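First residue of the sequence shown? That's -14 in my numbering, and the numbers climb one at a time after it. Report on one structure; see the data block that follows.
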Amino acid sequence: MSRVDPDRVAAARARARVVAARALRARPGLAAGGRLAGRLGAGLAPLPEGLDGTAPETALIADPARAKLVFEAAAAALIAGDLARAITPEVLAALPVPALARAFGLRHRALALPGARADDFARLTGEIRALWADALPAPLCGEYRPTQSLPPIPDAAPAPLPVVSRPKNKAILLPLAPRASGAPHRLALDAALAAFPAAAEDAAP
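Quick look at the structure:
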């Protein structure tokens, strides 16, 4: 008797979740796990044959709550410099950043954009979402890109680290860890995807 490949089963289930999620997005009143959602999803533009529904970016389609957290966390990392200055209860309460996203951002301050402020949070969240959508294969990239017009995402370099000198007859001052290289938006999104993986029940075959 042939044995079922668990990886193929997991991939098929993940693909089915993506199909159903597309239908739910078009018709929000449908039951999330209903067969009708799957049938309506099958009537949309066909997905690529080799689509990996378990890939980090693609898996977000089937989990909107997690997608929202990932986008907000990545945006929080980009404004972490300003978040670190918010220390009083009054200022913290006024921040537009959810607590979980703020905690993530503060752990990833090396990704902060120079001059980015808490007021930029909504805009940066939209830019992160657009970056994620653009990485999806067609037709998903067009379906999930934000509808509002967004300016091109700047490939800004992080602020330079201070030069550390070695005073004469003094203890050696170790330099700060170097910043990661690459586009800050992409690095922040990748870090958030890794920090908030899919739930075990979603990943299990």
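Here a beta-carbon is modelled for each residue, glycine too, at the ideal position from N, C-alpha and C. Model, not experiment: these values are computed from the prediction.
Next item on the list: Could you check if Ile157 is buried or exposed, using at least 16 other CB atoms within 10 Å of its CB as the buried criterion?
Entry: Translated into positions along the sequence shown, residue 157 becomes position 172. Here the model assigns Ile157 a pLDDT of 47, short of 50, so the residue's position is not dependable, and the following value carries that caveat. Answer is exposed; the Cβ neighbour count stays below 16.
Next item on the list: Hey, could you find the ends of the alpha helix (DSSP H) Thr195 is sitting in?
Entry: With the chain covering -14 to 190 only, the question about residue 195 has no answer from this structure.
Notebook entry, point to check: Once you ignore the five residues that flank Gly66 on each side, which residues in its own chain have a CB closer than 6 Å to its CB?
Noted result: In the sequence shown, residue 66 corresponds to position 81, counting from 1. Around Gly66: Ala97.
Check: Can at least three beta-carbon pairs, one atom from the segment 117 to 135 and one from the segment 86 to 97, be found at a separation below 8 Å?
Finding: no
Item checked: Inter-residue Cα distance where the pair is Ile64 and Ile113 -> Your numbering for residue 64 matches position 79 in the sequence shown. Your numbering for residue 113 matches position 128 in the sequence shown. Taking the straight line joining both Cα atoms gives about 13 Å.
Item checked: Option nearest Asp48 by Cα separation, candidates Arg7, Ala86, Leu29 -> Translated into the one-based positions of the sequence shown, residue 48 becomes position 63. Closest by alpha carbon: Arg7.
Check: In its own chain, which residues sit with a C-beta less than 6 Å from the C-beta of Pro41, not counting the 5 before and 5 after it?
Finding: Numbered from its first residue, the sequence shown carries residue 41 at position 56. For Pro41, where only same-chain residues beyond five positions count, the Cβ hits under 6 Å are Leu178.
Notebook entry, point to check: Taking 7 Å as the cut-off, is the CB of Pro41 close to at least one heavy atom of the ligand PLP?
Noted result: Looking for the ligand PLP in the displayed structure turns up nothing, as the structure carries no ligands at all.
Margin query: For Asp37, which residues in the same chain have their Cβ closer than 7 Å to its Cβ, ignoring the five residues on either side in sequence?
Written below: On the sequence shown, residue 37 is found 52 positions in, with the first residue counted as 1. Result list for Asp37: Ala(-4), Thr43, in chain order.
Notebook entry, point to check: Once you ignore the five residues that flank Ala173 on each side, which residues in its own chain have a CB closer than 6 Å to its CB?
Noted result: Translated into the one-based positions of the sequence shown, residue 173 becomes position 188. So the qualifying residues of the chain are Ala59, Ala62, Leu63, Leu96.
Check: By DSSP, does Arg87 sit in helix, in strand, or in coil?
Finding: The sequence position of residue 87 within the sequence shown is 102, counting from 1. Three-state result, Arg87: helix.
Notebook entry, point to check: How is the alpha helix (DSSP H) around Ile113 delimited, first residue to last?
Noted result: Residue mapping note: residue 113 aligns to position 128 of the sequence shown, counting from 1. Where Ile113 is concerned, the enclosing alpha helix (DSSP H) stretches over 106 to 119.
Note to self: One question on the structure: do Phe181 and Val55 come within less than 8 Å of each other, judged by their Cβ atoms?
What the structure shows: Position 196 of the sequence shown, counting from 1, holds the residue named residue 181. Position 70 of the sequence shown, counting from 1, holds the residue named residue 55. Yes.
Next item on the list: Label Val82 either buried or exposed according to how many other C-beta atoms from any shown protein chain fall within 10 Å of its C-beta, with 16 as the threshold for buried.
Entry: Mapped onto the sequence shown, residue 82 falls at position 97. It counts as buried.
Notebook entry, point to check: Near Cys126, what residues of its chain come up, given a Cβ to Cβ distance below 7 Å and the 5 sequence neighbours on each side ignored?
Noted result: Taking the first residue of the sequence shown as 1, we reach residue 126 at position 141. Cβ within range, chain order: Ala118, Asp119.
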